[in-house]
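Some notes on the structure that comes next.
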Amino acid sequence: MTSVTFDEALLPAHWRDFVALTKPRVMTLVVFTGLCGLLVAPGHIHPILAFTAILCIAIGAGAAAALNQWYEADIDAKMKRTANRPLPAGRMDRQSALHFGVGLSFFSVILLGMATNWLAALVLAVSILFYVFIYTIWLKPRTAQNIVIGGAAGAFPPVIGWAAVTGDISALPVALFMLIFFWTPPHFWALALFVKTDYAAAGIPMLPVVSGEVVTRRQIWAYTAIMAVAAMAPVLLQLTGLVYGVTALLGTALFAFFAFQVYRRRESDPTRMQPERRLFKYSILYLFLLFGAVVVDRWVLA
């Protein structure tokens, strides 16, 4: 296999490559959960400042993604689904990606602090640092539980959105944080099951590679049960109303049904993993539905 030298760009990077570094598809869910946290927060924020806060969450998420790709350029080159990213494809040099990620990080945190408050900016900074240093550099190459702990990085946006309005952190944003935190393992392990050969080739100790498919399926089912409790917690704590309660109950029941289908499978053929793909795709819709229901509870039925 021909190795790629990442320190020498073949051509000047195109603006589309810089956009690709921010992982815009992944960012969509991050921005949405941050927006929901902002919309359900008590109090008032000027629309321009609200837009700025969401923009900063998006930029911060993009910064973390860029730094992740800077650090993992050699790993990405070994995996089919990531080999065409700007760095492993040789369309950008690593130094440009590093400067871009660091610059976006500082810009997003400072702008959020100046536009809203420094608590929101601090949480944004922690989320970026957690994703880069705790998940990407420390956990991911060392332990099969990387996504369990590292999933906290993606759970911060609703907390940031809430704090941007209120200047504090209370029970509801913490409950939403926990929902995303426990949602992440079954969501990500469903993906890992049908791309495990990529992770194996890159030497990443994802759970299906290290412990096998049977253990991974059990863990998906176990974390789905924990996630179900987290999903119902806002209702049980009387933090949300009927719309969220019904949505969470029905949505989680369907999530559990798909997770059970994954759990009971024993076939390892990567071309026949429809239950895993179904769970992965639905898990994204699931989070959109539940966070949307929180907003409907607060805005429509208030």
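For the sequence shown, the working numbering begins at 19 and goes up steadily by one. Note that beta-carbon positions come from the ideal geometry of N, C-alpha and C, so glycine has one too.
Could you check how far apart the C-beta atoms of residue i and residue j are, in whole angstroms? I think they sit under 8 angstroms.
i: residue 173; j: residue 195; result: 5 angstroms
i: residue 104; j: residue 38; result: 5 angstroms
i: residue 283; j: residue 236; result: Going by Cβ atoms, the distance from residue 283 to residue 236 rounds to 12 angstroms, so no, they are not a contact pair.
i: residue 316; j: residue 213; result: Between residue 213 and residue 316 the Cβ distance is about 37 angstroms, and since that is not below 8 angstroms, they are no contact.
i: residue 291; j: residue 211; result: 6 angstroms
i: residue 131; j: residue 88; result: Contact doesn't hold; Cβ gap of about 24 angstroms is too wide.
Out of the options, which one is the CA nearest neighbour of residue i?
i: residue 306; options: 40, 38, 32 and 45; result: 45
i: residue 308; options: 206, 249, 60 and 39; result: 249
i: residue 73; options: 123, 279 and 153; result: 123
i: residue 257; options: 193, 206 and 303; result: 193
i: residue 293; options: 280, 302 and 304; result: 280
Does the distance from the C-beta atom of residue i to that of residue j stay below 8 angstroms?
i: residue 175; j: residue 55; result: yes
i: residue 51; j: residue 83; result: no
i: residue 300; j: residue 278; result: no
i: residue 78; j: residue 142; result: yes
i: residue 181; j: residue 223; result: no
i: residue 70; j: residue 129; result: yes
i: residue 171; j: residue 188; result: no
i: residue 203; j: residue 165; result: yes
i: residue 109; j: residue 32; result: yes
i: residue 242; j: residue 273; result: yes
i: residue 92; j: residue 101; result: no
Give me the Cα-Cα distance between residue i and residue j, rounded to the nearest whole angstrom.
i: residue 133; j: residue 125; result: 12 angstroms
i: residue 112; j: residue 156; result: 20 angstroms
i: residue 19; j: residue 200; result: Interpretation of residue 19 is limited by its pLDDT of 40, a score under 50 that renders its predicted location unreliable; no figure is taken from the coordinates.
i: residue 231; j: residue 64; result: 49 angstroms
i: residue 209; j: residue 312; result: 27 angstroms
i: residue 357; j: residue 116; result: No statement about residue 357 is possible, as the shown extent of the chain runs from 19 to 320 and does not include it.
i: residue 260; j: residue 154; result: 39 angstroms
i: residue 238; j: residue 246; result: 12 angstroms
i: residue 85; j: residue 76; result: 14 angstroms
Write down every uninterrupted run of the alpha helix (DSSP H) in the segment 119-201 whose length is 4 residues or greater and which is fully enclosed by it, in chain order. Fully enclosed alpha helix (DSSP H) runs of no fewer than 4 residues occupy 136-147, 164-168 and 175-184 of the segment 119-201, in order along the chain.
Threshold first: 4 residues or longer. Then list the alpha helix (DSSP H) segments lying entirely within the segment 254-285, N to C. List check, alpha helix (DSSP H) in window: 260-282.
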